[in-house]
Structure formats: C-alpha cells, structure tokens
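This report concerns only the one structure given below.
Residue numbers (the numbering used here): 1135 to 1241.
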C-alpha cells in the first residue's frame, strides 16, 4: 500500500524547508505556521489530483452522457495550484527561476 502524501519524504522535506526559511526571516508567529499548514494541505490535494490524472487520464467517460469529457481533476489542479502560489507569495517566497536579461544585469 502506498504512503499517504503527508507521510512521504517529499512532504516532510518541503514543509521543513518552508518552516526553516520562515524562521530564518524571523517569521515565527503561529499565523505563518498556519499558512504553511494550509499550503501543505493544498500540496496533498495536488498530489491526489495528479495521481488521478495519471491513473484515469486526461479524458474520462461521463456515465450519464455516455461520452468522453475532461477529467475534472485537471481544472481542479489548476485552481489548487493558483491557491498554492498565492500562499507561497504571501509568505514572502520568491520563484528563483532562470533570470532573463535586463537593464540591471552587469556587463
């Protein structure tokens, strides 16, 4: 039997990384820890939605209509991801993706 998402090493490492970052920035109030908990709850939901898409596919049979329709988990995953991004930004985390050249770049 597979582990629940909140029991996985990835869950524990992500949560600890977020808590360590908040602590390093002096953000140790309960409100911040609660937002991390909320973020991680969404993370679990996203894992479940992604597993559903992996198992059932992008399209599923609508029993009532007798036709293939979009797997609702796809649109729900997008909504969950947006909420996660909003919480992530509210906690002051930044996406440190690849930089694009700009005026502030050194020569």
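In this text, a Cβ means the ideal position worked out from N, Cα and C, and glycines have one as well.
Item to complete: Could you say which of 1149, 1213 and 1142 lies nearest to residue 1225 if we only look at CA atoms?
Response: 1149
Discussion item. DSSP three-state label for residue 1214, please.
Written reply: helix
Worksheet item: Between which two residues does the beta strand (DSSP E) carrying residue 1087 extend?
Response: Given that the chain is displayed from residue 1135 to residue 1241, the structure contains no residue 1087 and the question cannot be resolved.
Discussion item. If you reduce the DSSP assignment to three classes, tell me which class residue 1192 lands in.
Written reply: coil
Fill in: residue 1179 versus residue 1164 - alpha carbon distance
23 Å
Discussion item. Taking the straight line between their C-alpha atoms, what separation do you get for residue 1211 and residue 1189?
Written reply: 15 Å
Discussion item. If you reduce the DSSP assignment to three classes, tell me which class residue 1227 lands in.
Written reply: coil
Discussion item. Can you confirm whether the segment 1200–1219 touches the segment 1180–1187 when touching is taken to mean that 3 or more C-beta pairs between the two stretches lie within less than 8 Å?
Written reply: yes
Item to complete: Closer than 8 Å by C-beta to residue 1153: which residues in its own chain qualify, once you throw out the five before and the five after it? Chain order, please.
Response: 1167 and 1170
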